[in-house]
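In this note's numbering, the protein residues as written are 1 to 211.
Backbone N, C-alpha and C fix where the C-beta goes; we use that ideal spot for every residue, glycine too.
First the structure, in the form of structure tokens, and then the observations on it.
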Amino acid sequence: MFGNGNPPEGSGSSGDPNDNIVNVNANIISRVYGAMHDIFTGAATAIHNEVVINNSQISGFTYGGFARSAAGTATATRNTITITGSANMGSDIFGGYAVATDNTYAAIATDNIVNIKTSGSTYASIYGGIIETNTHADTDGFSNNTLNLFYDANTITNVYNFETVWFNYSGDAGITTLNTTASIGSGTPVVKLDTNGNDITFGGAINGTGG
1 MFGNGNPPEG
11 SGSSGDPNDN
21 IVNVNANIIS
31 RVYGAMHDIF
41 TGAATAIHNE
51 VVINNSQISG
61 FTYGGFARSA
71 AGTATATRNT
81 ITITGSANMG
91 SDIFGGYAVA
101 TDNTYAAIAT
111 DNIVNIKTSG
121 STYASIYGGI
131 IETNTHADTD
141 GFSNNTLNLF
151 YDANTITNVY
161 NFETVWFNYS
171 GDAGITTLNT
181 TASIGSGTPV
191 VKLDTNGNDI
201 TFGGAINGTG
211 G
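If you want it as structure tokens, here you go:
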């Protein structure tokens with residue numbers, strides 16, 4: 001399920017891959033994209049898209065924005081995913097996903113937001129941003145990515161590439177593993193856990209090379 005952009009492997013544009021809203025209120029067996037921009041040459045962008053999933057079961061991956069270029073920069077920023085109700089997510093969630101195949105160009109997946117407004121749900125892995133095999137110095141899949149958790153009793157197996165995790169409730173964090181190793185070309189990442197004045201029990205593991 002696509003918002004806008006062009007289909008996989010750059011087979012032609014079908015709309016602007018920026019500033020889209022996708023509302024899901026049904027069971028989806030495939031992947032969900034706020035937008036996809038997949039091209040061979042030039043800058044790929046998937047910016048300021050929103051995916052809202054309510055009382056739905058999603059079997060495939062969910063992307064706020066997906067950008068891939070074989071010869072150019074790839075930018076997937078300022079995307080938002082919000083999951084509410086009794087949603088059941090069967091696969092990983094990515095706020096932004098950026099692929100710049102040529103390492104002379106940067107891949108950026110920053111300033112993305114994931115809001116979890118369910119209770120009693122189980123999640124596999126949630127990524128603020130992800131960069132696929134890019135070593136450019138300006139590559140960044142971590143900065144200003146935010147995970148907002150609103151209710152107790154969820155289980156999240158893995159959390160990656162969020163600069164900030166907000167807890168907007170009192171109770172168990174529900175995170176099995178928080179990974180502090182960030183996809184960033186330079187600098188030392190520091191993950192901030194903000195309880196917002198709430199009492200949070202963190203019984204999971206914190207792994208990785210970041211702070």
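With distances taken between CB atoms, is the gap from residue i to residue j smaller than 8 Å?
i    : j    : result
A109 : G129 : yes
M36  : A46  : yes
G64  : T80  : yes
G203 : T177 : no
Y123 : T82  : no
Y127 : S69  : no
F150 : K192 : no
N158 : S125 : yes
G96  : T139 : no
Report all residues from its chain with a CB closer than 7 Å to the CB of residue i; omit the five preceding and five following residues, and keep chain order.
i    : result
N103 : N134, T135 and H136
A85  : Checking the sequence shown, residue 85 turns out to be Gly, not Ala. N54, N55 and T118.
In chain order, what residues of the same chain lie with their CB nearer than 8 Å to the CB of residue i, ignoring the 5 residues before and after it?
i    : result
V32  : M1, V22, V24, V51, I53, I58, G60, F61, T62 and Y63
T41  : S69, A70, A71 and G72
N207 : T177, L178, N179, T180 and T181
D199 : S170 and G171
D19  : I47, H48 and N49
F167 : L149, A173, L193, D194, T195, N196, N198 and I200
I28  : M1, S56, Q57, I58, S59 and G60
On the criterion of 16 or more Cβ atoms from any shown chain inside 10 Å, does residue i qualify as buried, or is it exposed?
i    : result
A26  : exposed
V114 : buried
A153 : exposed
E9   : Confidence is the limiting factor: at E9 the pLDDT is only 39, short of 50, which leaves the residue's position unreliable, though a coordinate-based value still follows. Burial call: exposed.
G245 : Nothing about residue 245 can be reported from this structure: the residues present for the chain run from 1 to 211 only.
G187 : exposed
N196 : exposed
G211 : exposed
S30  : exposed
T209 : exposed
Spatial neighbours of residue i within its chain, please: CB distance less than 6 Å, with the 5 preceding and 5 following residues excluded, ordered by chain position.
i    : result
A67  : H37, A44, T45, A46, A74, T75, A76 and A98
S171 : Reading the sequence as shown, one finds Gly at residue 171 and not Ser. Contacts found: D152.
V165 : L147 and L193
T201 : D172
D92  : F61, A124 and S125
F94  : Y63, Y127 and I130
R78  : I47, H48 and D111
P189 : F142, A182 and G210
I175 : I156, V159 and G204
Check the C-beta distance from residue i over to residue j and give it rounded, since I have them as a contact under 8 Å.
i    : j    : result
N145 : E163 : 5 Å
N55  : A87  : 6 Å
Hey, would you say the C-beta of residue i is under 7 Å away from at least one heavy atom of the ligand SAH?
i    : result
A109 : Absence of the ligand SAH is noted for the structure shown, with no ligands found whatsoever.
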